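Encoded as structure tokens, the structure appears first; notes follow it.
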Amino acid sequence: MNPEVKSGGQPRLALIQRAIESDRDAAHAGAVSAIRKAAAGGARIVCLPELYDLPYFPRLVAVESWRYAERQPSERVGELGRLAGELGVVLVVPVFEEAAPGVLFNTAVVYDADGRCLGSYRKNHIPDGPGYHEKYYFTPGDRGYPVWETAFGRIGVGVCWDSWFPETARLLALGGADLLLFPTAIGSEPDRPGYSSEDAWRTVMRGHAITNGVFVGAPNRVGVEGTMTYYGGSFVCDPFGEVVAHAGDDPEIVFADLDYGKNRELRELLQFFRDRRVDTYGALLRVSPDLGSSE
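Going by full-length UniProt numbering, the first residue of the sequence shown is number 1, and it counts up by one from there.
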């Protein structure tokens, strides 16, 4: 681990909130520019939003969009890995991956600060509903919940819908993560035009931070794509659930310094891990659990 972390330093996290251009090369160039700005602002960990170089195509069902998938690391993603090494930042790059013909994943590729590819996470929870037709495109992930030892802490990654599931956060925390990152593409609900999920989205992740004693960061996209409006609101919260940095609904880079000592502080105060009853959780592994007698 980097001396900055070993000595109790506070690595700076940057979440990139962008309106994604319709042209893929322009979207990539915009991401490169934003990463450089983040590094110039002192960031040591940088996370891009979900599907960083594409409009959110799952808002529609269209077989033509399958063509966006690429074997990873693609040429563009490889360039970002080299950029991570040049700038000395840990970088999370969410992409549309083709693993085999017709086998497509919503993936996040992770690079360490020396430019090495540490691996990738494939989105496990795949939503389906108006404006979010992901089951048409993405195969559920097959790599579990990896945690990477990086130059600036142990990092676990989920993607968007994963962030709503307490199991995701708990498994990453049990794997030793100091920081959970949830690159996201979330906005309006076409079947409920008067509803905004933003407060619920932020609240559920604040709960993950508290119950697991970790920092949580979630970068979102912004802007209008077709009938969908993406509300941004990218944020970082500490292990006590306090939102320490957040964005509005415009393109922005959100910075936060991570004092990992707070993780231990929260866990010593609230002993959630000590008091777990894993012997009683078997029903969680069944689709229709028999919860036993109520008497």
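All C-beta atoms, glycine included, are put in the ideal place defined by N, C-alpha and C.
Please read these numbers as outputs of a predicted model, since none were measured by experiment.
Of all alpha-carbon atoms in 229, 136, 244 and 38, the one lying nearest the alpha-carbon of residue 194 is that of 229. Residue 90 has 45 as its beta-bridge partners, per DSSP. The Cβ atoms of residue 103 and residue 181 lie no closer than 7 Å to each other.
Annotation for residue 172: the continuous alpha helix (DSSP H) segment containing it runs 166–174. Counting other Cβ atoms within 10 Å of its Cβ, residue 98 reaches 16 or more and is therefore classed as buried.
In this structure, 139 is the residue among 139, 199 and 219 with its C-alpha nearest to the C-alpha of residue 66. Listed in chain order, the non-local C-beta contacts of residue 83 below 7 Å within the same chain comprise 32 and 35, local neighbours out to five positions each way being set aside.
When only Cα atoms are considered, residue 24 and residue 189 end up about 25 Å apart. In this structure residue 95 is not in contact with residue 121, their Cβ atoms being roughly 11 Å apart against a cut-off of 8 Å. With contacts defined as CB atoms closer than 7 Å, residue 59 and residue 9 fail to qualify as a contacting pair.
Secondary structure remark: continuous alpha helix (DSSP H) runs of at least 4 residues inside the segment 73–141, in chain order: 75–87.
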